[in-house]
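Colleague: Residue numbers (the numbering used here): -2 to 161.
I'd like to ask some things about the structure below.
Listed below in structure tokens is the structure:
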């Protein structure tokens, strides 16, 4: 576990808001000179706190207009069933997120498809055809009001927030 101080948290908040920002701009925003800032970012990357950088893609630009969450209950909660399920869904491009959860279901999947017919095909041919799957339930996402990952900074350290 890496010890994060307030400067580290500010760096993370700046990078989370804009992963393409230059080291010089990060340094200016957090009140460091570029060299120590660069060393801190490198330490955060090497220690696994920063796991990578990516682009958020607009699903509509790819022709994907329907987002659903599918809950999946396996017939048996065994390592073999879980392995079989995960192997079966591993290469499915429709699935953008797979969460192992507790409760009455085993997995939650975030799935993007182009239309209702594609959703029907995915559920029947891809999910319900997996032998270890006992039951699925699909919830259509009507709107997303918040989707920005982890909050990495203390409230007072977040850019744009006033300290109280």
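No residue lacks a Cβ here, since even glycine has one placed at the ideal position from N, Cα and C.
Across the segment 28 to 48 and the segment 91 to 98, are there enough close Cβ pairs to call them in contact, namely three or more that are closer than 8 Å?
Modeller: no
Colleague: Opposite residue 144 in the DSSP bridges: which residues?
Modeller: Residue 144 pairs with nothing; no bridge assigned.
Colleague: If you check the beta carbons only, do residue 21 and residue 4 fall under 8 Å apart?
Modeller: Judged by their CB atoms, residue 21 and residue 4 are not nearer to each other than the 8 Å cut-off.
Colleague: On the premise that residue 102 lies in contact with residue 68, defined as a C-beta separation below 8 Å, what is that separation, rounded to the nearest angstrom?
Modeller: 4 Å
Colleague: At the level of alpha carbons, what is the spacing between residue 16 and residue 0?
Modeller: 22 Å
Colleague: Buried or exposed: residue 7, going by 16 or more other Cβ atoms within 10 Å of its Cβ?
Modeller: Residue 7 comes out buried.
Colleague: Applying the 10 Å Cβ sphere with the 16-neighbour rule, what's the burial state of residue 137?
Modeller: exposed
Colleague: Could you check what DSSP says for residue -1 in three-state terms: helix, strand or coil?
Modeller: coil
Colleague: Indicate whether the contact test is met: 3 or more Cβ pairs, each with one atom in the segment 119 to 131 and one in the segment 61 to 80, closer than 8 Å.
Modeller: The segment 119 to 131 is in contact with the segment 61 to 80.
Colleague: Is it buried or exposed, residue 52, if we count other Cβ atoms within 10 angstroms and call 16 or more buried?
Modeller: With fewer than 16 Cβ atoms within 10 Å of its Cβ, residue 52 is classed as exposed.
Colleague: Considering only residues of the same chain and omitting the five flanking positions on each side of residue 58, which have a CB-CB separation below 8 Å?
Modeller: none
Colleague: Nearest to residue -2 by alpha carbon, out of 56, 31, 44?
Modeller: Nearest option by C-alpha distance: 44.
Colleague: Would you kindly work out how many angstroms separate the C-alpha atoms of residue 119 and residue 140, rounded to a whole number?
Modeller: 21 Å
Colleague: Select from 142, 90, 111 the residue whose C-alpha is nearest the C-alpha of residue 124.
Modeller: 90
Colleague: Assign residue 86 to buried or exposed, taking buried as 16 or more other Cβ atoms, counted over all protein chains shown, within 10 Å of its Cβ.
Modeller: buried
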